[in-house]
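Following: one structure in structure tokens, then a few remarks.
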Amino acid sequence: MLLEMGIGIFAGFTIFLLLNGINVLPLVAMLIFSYILYNLVDKSNFLKNNSKVIIGENDITFDNIGGQDVAKNELIEALDFIKNYEEVKKLGIRPIRGILLTGAPGTGKTLMAKAATSYIDSVFVSASGSEFIEMYAGVGAQRVRQLFESARNLAKKMSKKHGVVFIDEIEVIAGIRGKHTSHLEYDQTLNQLLVEMDGISSNEDVNILVIAATNRPDILDPAILRPGRFDRVVKVDLPDKDGRLEILKLYTKNKPLADDIDLEKIARETFGFSGAHLENLCNEAAILAMRAREDKIRQSHFIEAIDKVIMGEKLNRKPTDEERKRIAVHECGHALISELLNPNSVSTVTITSRGHALGYMRQKTDDDIYLYTIPYLESQISVALAGAAAEEMVFGDSSSGASSDFEQAVNIAKKIIFSGMSKMGIVDKETIPQEQLHKEITNIVTEQKNRVINLLKENKDILQEIAEYLINNEKIDGDAFRNYLKESKAA
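Heads up: the sequence shown at position 162 corresponds to 202 in our numbering, and the numbers run straight through without jumps.
Right, dumping it as structure tokens:
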């Protein structure tokens with residue numbers, strides 16, 4: 041309403057000036073310039089619209105974060121220097137100025153920053169690195185100043201001794217300087233951040249702790265990583281099996297679980313899952329239970345939810361009968377070789393289409409594996425090649441469905457070579473001749489393919505038997521698959 045009235049008054053005033061022979065162009069130009077300047081100033085004050093401010097205690101504490109005991113303990117130790125400043129001051133210890141959280145997406149870096157705020161009873165101001173970058177020179181640096189000034193003012197207003205500034209995706213503004221030659225705004229923004237962190241002094245009324253998160257620490261400028269800016273670099277890794285179990289207990293605490301739930305088994309089958317993946321897993325399991333009109337979440341819901349999180353939702357693809365037979369043989373080939381070479385490794389085999397896959401075989405391990413031996417890597421190449429080899433043995437040829445399997449086999453072969461475990465010995469990844477590399481990859485893959493063909497020939501009957509079961513039932517779990525193998529060997 042006010043906007044319309046203003047436009048009407050301006051139009052009337054302009055007509056009045058025109059009727060009196062007065063040139064209105066300078067007035068119009070001045071108003072347009074004022075409007076543009078107003079918008080620039082309004083956009084630059086991003087703290088009013090984009091930043092997130094948490095004052096004092098919040099709902100997130102370190103008790104709400106599971107599976108990250110090492111990272112939590114290291115972070116808590118650093119925070120104790122701030123929380124118990126009067127005690128540590130006697131030993132001449134200065135407060136920690138910055139803590140950098142590094143790790144894969146979804147591991148809980150932001151949660152840890154919020155938990156740190158509760159732990160030291162401070163205000164929490166957060167922003168994403170992308171919010172500092174604009175096409176206008178100087179805006180990013182101004183936003184950095186505003187962010188720190190806001191944290192100090194809020195802390196004083198709430199009578200807090202500490203303030204936390206959290207910057208997510210800090211690699212956006214803290215990348216190595218000099219790489220953005222056509223846009224110095226990035227470098228100016230980083231320079232201002234360095235100045236602000238240097239200006240943090242233990243003699244100030246408010247201690248400002250900078251917590252930043254990134255999954256690309258390799259591209260950060262060395263100036264920001266030096267002690268005195270980021271004093272601690274805390275690595276937030278993907279959780280191990282015990283960590284995943286702890287996270288699952290946290291996320292299922294308020295969910296109705298059936299008596300058949302085995303969270304430890306679910307933790308074993310979710311190797312490589314982050315905390316965010318596990319939260320999504322629990323949510324998807326609850327959704328599946330609701331779809332089935334169940335009052336409680338069952339183990340079967342969790343098992344299907346694992347497949348959904350990894351592969352995606354079921355698709356309405358309708359392969360022909362011939363294609364279903366080929367897919368069943370292909371996946372049974374993977375599963376059979378996996379179980380023969382690594383007993384108890386098959387979790388699920390299915391010909392249900394999910395994501396880009398027409399079918400899949402999912403593996404599991406009893407214990408998380410972080411170091412790979414040559415026998416294990418060779419066995420994984422064999423498993424990758426087994427699908428196409430099974431097709432060739434049963435149908436006389438393979439299909440395009442094996443293309444991703446071949447890529448996986450080649451990548452594992454490269455890992456063997458670059459780790460110095462091949463017949464070539466220790467090699468330089470950058471200077472090895474491509475022809476020589478290709479020859480060694482071919483030798484490794486061919487050797488494993490011959491091994492797979494021999495194993496499949498010895499177990500051709502059981503392969504076709506399980507494939508027939510899979511065609512009729514679409515899915516078989518690892519335990520049922522192993523029972524087929526035991527009965528076949530006993531017969």
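Cβ atoms here follow ideal geometry from the backbone N, Cα and C, with glycine treated the same way. Keep in mind it's a predicted model, so treat the numbers as computed, not measured.
- DSSP, read as helix, strand or coil, puts D407 in coil.
- Excluding the 5 residues flanking it on each side, G283 has same chain C-beta neighbours closer than 8 Å at G106, G107, Q108 and D109, in chain order.
- Here the alpha carbon of G169 sits roughly 10 Å from the alpha carbon of A253.
- In this chain, the alpha helix (DSSP H) harbouring D501 covers K500 to N513.
- L290 places its beta carbon 8 Å or farther from that of S314.
- Just so you know, the alpha carbons of A118 and Q448 end up roughly 42 Å apart.
- One alpha carbon belongs to V386, the other to V184, and they sit about 52 Å apart.
- The Cβ atoms of I506 and I516 lie closer than 8 Å to each other.
- DSSP lists T142 as the bridge partner or partners of K275.
- Between the segment 456–470 and the segment 407–418 there are three or more inter-stretch CB-CB distances shorter than 8 Å, so the stretches are counted as touching.
- Ranking L425, E418 and D406 by CA distance to the CA of H374 puts L425 first.
- C-alpha of E324 to C-alpha of A345: approximately 6 Å in a straight line.
- Residue state for N294 is assigned as coil, using DSSP reduced to three classes.
- The beta carbon of F206 is closer than 6 Å to those of A153, S166 and I251 in its chain, skipping five residues each way along the sequence.
- Note that the segment 384–400 touches the segment 354–374; at least 3 beta-carbon pairs, one per stretch, sit closer than 8 Å.
- Here the C-alpha atom of E498 lies approximately 12 Å from the C-alpha atom of S528.
- Between D437 and E431, the alpha-carbon positions lie close to 6 Å from each other.
- About 14 Å separates the Cβ atoms of I213 and F270, ruling out a contact at the 8 Å cut-off.
- Within its own chain, the residues whose Cβ lies closer than 6 Å to the Cβ of A329, once the five positions on either side in sequence are excluded, are I337 and H341, listed in chain order.
- Annotated as proximal: I122 and H202, with beta-carbon spacing under 8 Å.
- In the displayed model, A332 falls within coil according to three-state DSSP, outside both helix and strand.
- With a contact defined as Cβ atoms closer than 8 Å, D347 and R394 qualify at about 6 Å.
- For L265, the enclosing alpha helix (DSSP H) stretches over residues P262 to L265.
- Taking each of R272, G180, E209 and E189 in turn and checking the Cα distance to Q228, the smallest one comes out for G180.
- Looking at the backbone, the Cα of K489 and that of S444 are separated by about 16 Å.
- Here N60 is exposed: its Cβ has fewer than 16 other Cβ atoms, across all protein chains shown, within 10 Å.
- Your pair L381 and S422 checks out as a contact, with CB atoms roughly 6 Å apart and the cut at 8 Å.
- With contacts defined as CB atoms closer than 8 Å, R137 and G268 qualify as a contacting pair.
- In this structure, A195 lies away from S158, with their beta-carbon atoms at least 8 Å apart.
- Exclusion of the five residues before and after E418 leaves Q488 as the residues of its chain whose Cβ lies within less than 7 Å of its Cβ.
- Out of T147, G148, E514 and R192, the CA that lies nearest to the CA of R364 is found in E514.
- Per the C-alpha coordinates, the member of Y524, F164, V273 and V389 positioned closest to A111 is V273.
- Here DSSP, grouped into helix, strand and coil, assigns R338 to coil.
- Inter-residue distance for L288 and I343 is about 14 Å (C-alpha atoms, whole angstroms).
- Counting along the chain, G427 sits inside the alpha helix (DSSP H) bounded by residues I414 to F435.
- Ranking F446, A442, D501 and E470 by CA distance to the CA of I481 puts F446 first.
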